[in-house]
Amino acid sequence: MINIKSVSEYLDSIAPYKTQCDWDNCGLLVGNAENVVEKIGICLDLTSETLEDAIKNGCNLIITHHPVIFSPKKTFLSGDLVYEATVRNISIISAHTCFDCAENGVNDFLCEALEIKNAVGVENDECVVPMARVGDVEEISPVELAKKISRALSATVQLVDCKKPIKKLAVCGGSGMSFFEDVVAAGADAYLTGEFKHHMLLEAKERGVTVFVAGHFETENPSLMNIKKSLESKFEGVEAILLKQSPPVIFVKEEE
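For the sequence shown, the residue numbers in this note's numbering are 1128 to 1383.
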């Protein structure tokens, strides 16, 4: 029988918790490490939707990407998602920035999905190990690459189109705006991430760097399949499922 401690130690081996950013909170955050694993649910975030799906499917361990506890909390009351998981004896492990930068993690998944070749990590003072990636793509126009990203991630893509062919693409899932200067210094013609502020989009346009903004959820969520596959390969007989989670936003446009 596999206990929760064993799962946490395995995740630590493939996405070392020590590689997390200093502001992050990764590892076993809720529950009893000695409990036997019955079923594992995997999701980007602990939400009412994912917790309900975990309970419905009999999961007693949830692995989230975004930590369920970021800042110190003074109360855990009825209705709080962590409280509701705890009273049901559900443990929670979070693997955030350690999975962003891991082999086969968020950003390696993006490289594979977009057929980026010779990808290397981009150094940044914020990270213990490189998180963003940059590599070669077959020459492509910004509009055509935006369409490719949309198909690969099932995402609506915002594009800062500098109208220059793209040969070297950088990627960082989630909120990757802080790596912009680093990927430019690494020679990227274009940068894909999940979020970008307006003033930085203007700056990118002025500097001739094409930017694709495809959504925080959309650039991270698909990579969770790699955690599922890895766990099922390591722990024979333990079932891992991807919990149902809807994107937090929808796009509405009135037809003319």
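C-beta: ideal position from N, C-alpha, C; glycine also.
- Asp1180 sits close to Lys1371, with the two beta carbons spaced by under 8 Å.
- Every alpha helix (DSSP H) of 4 residues or more that sits fully in the segment 1336-1368 is shown, in chain order, as 1343-1347 and 1351-1361.
- Residue burial annotation: Gln1285 is exposed, with fewer than 16 other C-beta atoms found within 10 angstroms of its C-beta.
- The C-beta distance from Lys1332 to Val1287 rounds to 5 Å, short enough to meet the 8 Å contact threshold.
- Collapsing the DSSP output to three states places Ile1196 in coil.
- Per DSSP, reduced to three states, the secondary structure at Asn1130 is strand.
- When the Cα atoms are used, Leu1188 and Lys1290 turn out to be separated by approximately 47 Å.
- The beta carbon of Thr1213 is closer than 8 Å to those of Val1157, Gly1158 and Phe1203 in its chain, skipping five residues each way along the sequence.
- Around the beta-carbon of Asn1348, 16 or more other beta-carbon atoms lie within 10 Å, marking it buried.
- One thing to note: Leu1237 has its Cβ no nearer than 8 Å to the Cβ of Gly1303.
- Note on Asn1251: 16 or more other CB atoms within 10 angstroms of its CB, so buried under the neighbour-count rule.
- Annotated three-state conformation of Cys1170 is strand, per DSSP.
- In summary, Met1352 is exposed, with fewer than 16 beta-carbon neighbours lying within 10 Å of its beta-carbon over all protein chains present.
- Judged by DSSP in its simplified three-state form, Val1287 adopts strand.
- Counting only residues of its own chain and dropping the five nearest sequence neighbours on each side, Asn1152 has a CB closer than 8 Å to the CB of Pro1194, Ile1196, Phe1197, Ser1221 and His1223.
- With a 10 Å radius around the Cβ and a threshold of 16 neighbouring Cβ atoms, Gly1185 comes out exposed.
- Ile1377 is classed as exposed because its beta carbon has fewer than 16 other beta carbons within 10 Å across all chains shown.
- For Ala1331, the enclosing alpha helix (DSSP H) starts and ends at His1325 to Arg1334.
- Residues of the same chain with a CB within less than 6 Å of the CB of Val1163, apart from the 5 flanking positions on each side, are Met1128 and Asn1130 in chain order.
- Taken in chain order, the whole alpha helix (DSSP H) runs of length 4 or more contained in the segment 1239-1284 are 1269-1280.
- Bounds of the beta strand (DSSP E) holding Leu1319 are Ala1317 to Thr1320.
- Where Lys1295 is concerned, the enclosing beta strand (DSSP E) starts and stops at Ile1293 to Cys1299.
- Between Val1336 and Asn1234, the gap from beta carbon to beta carbon reaches 8 Å or more.
- Comparing alpha carbon positions, the residue from Asp1309, Ile1276 and Cys1225 closest to Ser1140 is Cys1225.
- Scanning Asn1231, Val1264 and Arg1278 for the CA closest to the CA of Lys1244 turns up Val1264.
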